[in-house]
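Chains as they are written, first to last, in this note's numbering: chain A, 1 to 473; chain F, 474 to 946. Have a look at the structure below, then the notes.
Number of protein chains: 2
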Amino acid sequence: MASKILERFQPLFQPRSIAVVGATENPFKLGFHALAAVTAAGFPGEVYPVNPNAGETVQGLRARHSISELPEGVDLFVYAIPEAQVLPAVRDAVSRGGRAGVIFAGGFRETGPEGERLQEELVRAADVGGMKLIGPNCIGIVNTQARLNATFASPLAWFPSGNVSVVSQSGGMGNCILNGLMDERVGLSKFVSIGNRANVEFAEMVEYLAEDPDTKVICLFIEGLDRGDAFLEKARAASRRKPVIVYNRGYTESSARTALSHTGSVASSEAVYRGAFRQAGLVQVHSSSEMACLSKAVSLGGVPAGNGVFISTHTAGPVIAISDICERSGVRFPPLRPEIAAAIQEFLPRHAVAANPLDLFAFAWTDSSLYLRSADLALRQEDIHCAVAVFVTGAGSGPAFPAREYAEIGRRHRKPVFLCLIAPALLSQELEDAQREGVIAFNTPEKMAHALVNLVRHRKHISPCTRTRPSSP
Amino acid sequence: MASKILERFQPLFQPRSIAVVGATENPFKLGFHALAAVTAAGFPGEVYPVNPNAGETVQGLRARHSISELPEGVDLFVYAIPEAQVLPAVRDAVSRGGRAGVIFAGGFRETGPEGERLQEELVRAADVGGMKLIGPNCIGIVNTQARLNATFASPLAWFPSGNVSVVSQSGGMGNCILNGLMDERVGLSKFVSIGNRANVEFAEMVEYLAEDPDTKVICLFIEGLDRGDAFLEKARAASRRKPVIVYNRGYTESSARTALSHTGSVASSEAVYRGAFRQAGLVQVHSSSEMACLSKAVSLGGVPAGNGVFISTHTAGPVIAISDICERSGVRFPPLRPEIAAAIQEFLPRHAVAANPLDLFAFAWTDSSLYLRSADLALRQEDIHCAVAVFVTGAGSGPAFPAREYAEIGRRHRKPVFLCLIAPALLSQELEDAQREGVIAFNTPEKMAHALVNLVRHRKHISPCTRTRPSSP
């Protein structure tokens, strides 16, 4: 069973060869960007530009003038052509043994009855040959592990490889989520802009990603579902194996109207969705940034075993913000046990009091060993399940946080360690470095707090992931 | 009256001369960074390093070996010395005619009764000479318009000048707010890390900023207040002249405990604070990012006169997210009037329907004039008070949004125009360029939506600012 779904989608996610239909040298056409995207990623298989108007080559690759000129059995067809040309081109591909297709063009189901009929014909044509279609009306797919960038955005070729996968109904929201992951320095495995879902639905993608060994976290952006039951069944099964994080929008009047004219989805009642998702074990978030932060923590193995947090800082304000947000939502900062407090008190600077939250004052900014020694003691306590350090980075002109040593302490205690590294988003190298060492870092107290709340609240649904060794981006 | 408070704080915010007490060439000491910060900003007045252990010069400036060696009447004393040395150094400064001081050291009121007594002595010593003290236990002040960086962070010297001013009880949260402004590309006027508030309270700072001609938006981070009534009186008066945005934390158990040992403030009940702030006309936010986004919109003149928004896009998903958030909170997307819809329908591409939200499909990504023509028509409608365009940037490898022309349309209709420019935070040059043209831009749908909600909800309290011409960063 397991291998069946992986096999079925192998031509899509691990193609041996790609035809870019509509490939051109004219940079004002989508076909230019689609071919450039494929080659920019360094795709190792054969790439065939197809265009009746092409010369000998397109972007340095030998051109074919029709699909019939292609060798038999090209795996993946990327269609960068107008809607009217798509149906015959899918038929041609099927007749040449094509197994998977990505269709960018809109003008199908989302436009009304005529478009819906056209889309149905498309599905019939594809199903004849068992061809899986992503789209139409989408921005394509990415598989970093296969160096596959079947979109029309070359920059996605450089997305760091990792273990978070994203399926988005909307290309634009897919972009938002990818931006969020990029800003949080989270690596990507698969990205699927699923669009109108001609013959590939959320249900199948979730089933695939649940089996995919490169995926540790599944992220979904959903506007509306057609076959909700099929999805929930697959999602429930997936959530038992990996965290499935859902960002769902489209409940209010205008948003539902837009969703309808978008990928042809009927948005449904919020309460119904939320209840069903919760029952299926899905974790629901409310923004692309929240999704990225939670994905990161899970991806890096940062799911605490309980709700107890030890937090230390050289500056109290951000801890006030973090604990204010956390304590409203069930995260606790347990008092230190007397003997642990006494041991910490011994090396504390003047005026500092061994407590949780622990304020080390400005001393800890220059003597960062205070963070290490106090965390090493506090993590011995059974009701403390993770440690958080708060540190304002000097942006290169001040001391740096000892991330490697802090991560080492976490590993020794088998408890995740976090860092709230207060820095502008533009200065994120230090954050990335800390994460590479094994510390899960956020650049604002609010992101840190909401990540803790989500981790603690959903730890039962997201914990499977902690059992596997995550590959960091 | 007006000039009195400005005069009183002139030595602090517009000093003619600065003494850095504790200035040194040893980069492991705060006094090194404090002097470097002052000179990095290009302060145009006299700068006097003071240190008994100095040689002839410190960092290239002639050193004084005691405060008594200084000329009479140096305006501002920056104290980068340990707590025990602060009191005599304040006395010395007062006797030489010093008018203002910034004290970084902790170890005062926040540490208990002994510290509290020390702080009281400090206040008595300063008050004798009418010397205004910022701190102790703070990271200092910035005034971009005076090229003043009296902190120990050189990078703040390069903060873009603008019309938003920030007063933060916590240095760390002050940093967070400044990072937020930097990420949103908002210019700064004054920054005050107010710390233990020896003899300068929130009340006075708010009164000062209300009068300050360079400040258009006042941002406050508050953990607790001692003399709440005095503050509320000044805040109420200020909010009648300029928007006052408050971020208040420290309500829950641990956070209140931390606040107490921090700047010696007793956090009070949340409901009491919230009610009092609301009655005083203050706008309350819940994160540094929300504060930065709202400040930016107000600073750039983006307060709509009503709750009606016209929104157009080439990608529906982000609009679904925006309208979903907005419509829950009183923002409306009014239907287009028949004659306006008809006029828009004339130039719409195939499948697109003239409506609000307006989905222009992928066509608008390459033909961005569709945004301009539709906004120009929709903004004629009386119940539409601003326009929002959603655009996924190609990160240099795709088309750019026509920000200049879009801003021009907004100016013609005297209605603010916004851009949700979907891009990673790391790629914010295009966002900054759009803002320079007069379009208020956010890089995620959620930031865009929450800014609209805040603008619409609080438009009565933040509208005074729209009457003045804002200086963009």
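From the three backbone atoms N, C-alpha and C, an ideal C-beta is built for every residue, glycine too. Note that the structure is a prediction, hence the values are computed from the model and not measured.
Interface annotation, A/Ile340: not in contact with chain F, CB-CB separation never under 8 Å.
With distances taken between CA atoms, A/Gly106 lies nearest to A/Tyr79 out of A/Phe418, A/Ile5, A/Tyr79.
Here the region 298 to 307 of chain A does not lie against the region 348 to 358 of chain A, with fewer than 3 beta-carbon pairs under 8 Å apart.
Distance from the Cα of A/Ala41 is smallest, within the candidate group A/Ser295, A/Asn149, A/Leu70, for A/Asn149. Take A/Pro15, set aside five residues on each side of it, and the residues of its chain with a beta-carbon closer than 6 Å to its own are Asp75, Leu76, in chain order. Against chain A, a Cβ distance below 9 Å from F/Cys766 picks out nothing, because the smallest value is about 12 Å. Cβ contact annotation for A/Gly97 (same chain, cutoff 6 Å, sequence separation greater than five): Glu72, Gly73, in chain order. Counting C-beta pairs closer than 8 Å gives three or more between the region 592 to 604 of chain F and the region 657 to 675 of chain F, which meets the contact rule. The C-beta distance from A/Tyr406 to A/Val453 rounds to 22 Å, too long to fall under 8 Å, and the pair is not in contact. Per DSSP, the unbroken alpha helix (DSSP H) holding A/Glu121 starts and ends at 113 to 128.
The three-state secondary structure of F/Tyr720, taken from DSSP, is strand. For A/Cys219, there are no neighbours in chain F by C-beta distance under 9 Å, as the nearest C-beta there is about 14 Å away.
The three-state reading of DSSP puts A/Thr444 in coil, since its state is none of H, G, I, E or B. Look at F/Ile650 here: in three-state DSSP terms it is helix. Rounded to the nearest whole angstrom, the C-alpha separation of A/Val244 and A/Phe221 is 11 Å. Judged by their CB atoms, A/Gly187 and A/Ser161 are nearer to each other than the 8 Å cut-off.
Considering only F/Ala848, F/Glu881, F/Arg823, the residue with the shortest C-alpha distance to A/Gly112 is F/Arg823. Minimum Cα-Cα distance from A/Ser255 among the listed residues F/Ser476, F/Asp797, F/Lys920, F/Leu899 corresponds to F/Asp797. Listed in chain order, the non-local C-beta contacts of F/Asn499 below 6 Å within the same chain comprise Phe505, local neighbours out to five positions each way being set aside.
Taking 4 residues as the minimum length, the alpha helix (DSSP H) runs contained wholly in the region 299 to 352 of chain A are 316 to 327, 338 to 347, in order along the chain. The three-state secondary structure of F/Ala492, taken from DSSP, is strand. Short of 6 Å from the beta carbon of A/Ala403, and not among the five residues preceding or following it, lie these beta carbons of its own chain, in chain order: Ala434, Glu437, Val439.
Taken in chain order, the complete beta strand (DSSP E) segments of 3 or more residues contained in the region 879 to 904 of chain F are 890 to 895. For F/Tyr879, not one C-beta of chain A is nearer than 8 Å to its own C-beta. Excluding sequence positions up to five before and after F/Ser490, its CB lies within less than 6 Å of the CB of Gly518, Glu519, Val547, Asp548, all in the same chain and listed in chain order.
Closest in alpha carbon position to F/Leu809, among F/Val771, F/Leu850, F/Glu556, is F/Leu850.
If you check each beta-carbon in the region 314 to 339 of chain A against every beta-carbon of chain F, the ones closer than 9 Å belong to His314, Thr315, Ala316, Gly317, Pro318, Val319, Ile320, Ala321, Ile322, Ser323, Asp324, Ile325, Cys326, Glu327, Arg328, Arg332, Phe333. In summary, no residue of the region 594 to 607 of chain F has a CB separated from any CB of chain A by less than 8 Å. Where A/Pro88 is concerned, there is no enclosing beta strand (DSSP E), although the alpha helix (DSSP H) around it starts and stops at 83 to 95. Looking from the CA of F/Ala862, the closest CA among F/Leu560, F/Val690, F/Thr786 belongs to F/Thr786. Bounds of the beta strand (DSSP E) holding F/Ser662 are 661 to 666.
In the structure shown, F/Arg535 falls within a strand segment according to DSSP collapsed to helix, strand and coil. Taking C-beta atoms under 8 Å as the contact rule, F/Glu556 and F/Phe581 qualify, at a distance of about 7 Å.
Counting along the chain, the unbroken beta strand (DSSP E) around A/Glu46 starts and ends at 46 to 50. With a beta-carbon spacing of about 7 Å, F/Ala676 and F/Arg700 fall inside the 8 Å limit used to define contacts.
Around F/Ala536, no beta-carbon contact reaches into chain A at under 8 Å, the shortest distance being about 22 Å.
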